[in-house]
Every structure is written in C-alpha cells, then in structure tokens.
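Heads up, the thing below is written out as structure tokens.
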Amino acid sequence: MICPSLPARLIAATLLALAGCASSPHGPTRIVGPAPRGQGEAISFWVGPTGFSARRVLVTLQPDGHGLFDGQRGTTQPGRYAFDMAPTDYRAFVDLLAPLRPDEGAWSVTPGDAGCENWGTDSPTVVVTWQDRTGTMRQFSYDYGCDYNGDAPISVVLNRARELLPIDELVARR
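Residue numbering for the sequence shown follows my numbering, starting at 11 and increasing by one per position.
In structure tokens form, the structure reads like this:
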C-alpha cells in the first residue's frame, strides 16, 4: 500500500515529527453498527489492551451524533450501550481528530515506524477509523508506547478526543 501524504493540517498541529506510514493497519477492520447516517463519516475509536490491562473498548460515532459503546473487556459496564453526543461536542471530536485522518488508506505511529524509534512496552493502542457512506475507510493507528516522554502531540490529541466521548460511567478508571 502506498502511504498517503500527510495533510498540511498535521504540520500546523506539530504532529509531523511523529508521523509515519504503515503498510497494514492495526486493530479492528470494520465499524460496529449501521452504515453512516446523515452527512459525514462514521468514526470508530478503538482502545486495545496492554500487557497490564485487558481493557478493550470500541466506540462508534455516527455523523448525526448517535454513538455506540462496545465494552469488549475490562470495562465497568461490558456490552453495548447507545449514547447521544451534543452537536458541539461531536463537531469538536471530528475537528480534533481531523489532522490524523489520512487522505486515503491507513497510516500509523507504532513501534518501528518513523516517529517511534524509541518506545515503551505494554502501552495501549488506539485505532481511529473513518468510514463514509460508500464504505470507504481510512485508518490511523497509534501505540501510546511511542509517547516515551509522556507529552507527544498525538497522545494529547487522542486523550482530548477520548475525553469528549460521554462514556466515563462505562469505562473503569485505573
């Protein structure tokens, strides 16, 4: 697979230093729930397990603000739960993740990729997938172990995006 050119927005977001391309995505390869409703794309936000945590969570957000939480393992409330997101929070979520969205295909910042030459082990992985009405998917994968110093811009963006999701009651805090 040919790696997409990084959007100009990444430069402005200072993410270029950590950006890399991958030939294969990590994590889930489909959106949970129905095809996108309304204008825009469905976005899934998957958090995978680490060596110390068995937590697995998949959140799918539709363009109309309806969402589905799928607590797959290690959550306060396992199973699927529907939620609605306020339009302003939905827009903030989409805008926050926009610099990470590849123009096509997939890219990642995972151990061994450009921007992740040194990494910590046993860190969670986040996979963000965008799917349009035609089924075309774009994907970004990130291993938090690449944030060796704890202050990488990509980690900050992903953490802020996660905080916008109304799922705190469903996810155990550790």
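By construction, the Cβ of each residue, glycine as well, lies at the ideal position given by its N, Cα and C atoms.
Run through DSSP, which three-state label would D142 get?
DSSP places D142 in coil when its eight states are reduced to three.
Residues sharing a beta bridge with L68, DSSP
DSSP output for L68 lists W56, D80 as bridge partner(s).
Using a threshold of 8 Å, state whether the C-beta atoms of I164 and V69 are closer than that.
no
Look at the alpha carbon of L106 and the alpha carbon of W117, and state the distance between them as a whole number of angstroms.
17 Å
When the Cβ atoms of the region 156 to 176 are set against those of the region 98 to 115, are three or more pairs found closer than 8 Å?
yes
Under a Cβ-count criterion, where at least 16 other Cβ atoms within 10 Å of its own Cβ denotes burial, should L180 be classed as buried or exposed?
buried
Kindly list the residues whose CB is nearer than 6 Å to the CB of V136, restricted to its own chain and excluding five residues on each side of it in sequence; keep chain order.
V57, Y152, L168
Supposed contact pair Y158 and G130 - C-beta distance, whole angstroms, cut 8 Å
6 Å
Would you mind listing the alpha helix (DSSP H) stretches within the region 82 to 152 that are 4+ residues and don't spill past its ends, in chain order?
97 to 107
With Q82 and A52 assumed to form a contact (beta carbons below 8 Å), what rounded beta-carbon distance in angstroms separates them?
At roughly 18 Å, the Cβ-Cβ gap does not stay under 8 Å, so Q82 and A52 are not in contact.
Would you tell me roughly how many angstroms separate the C-alpha atoms of P121 and R66, rounded to the nearest one?
20 Å
Are the CB atoms of A171 and F103 nearer to each other than 8 Å?
yes
Does DSSP put Y154 in a helix, in a strand, or in coil?
helix
Following the continuous alpha helix (DSSP H) through E173, name the residue where it begins and the one where it ends.
Looking at the DSSP string, the run of the alpha helix (DSSP H) that includes E173 is 163 to 174.
Within the same chain, show all residues whose beta-carbon is closer than 8 Å to that of N128, passing over the 5 residues directly before and after it, in chain order.
Y158
Going by Cα to Cα distance, which pick from E114, Y154, Y100 is closest to H76?
Y100
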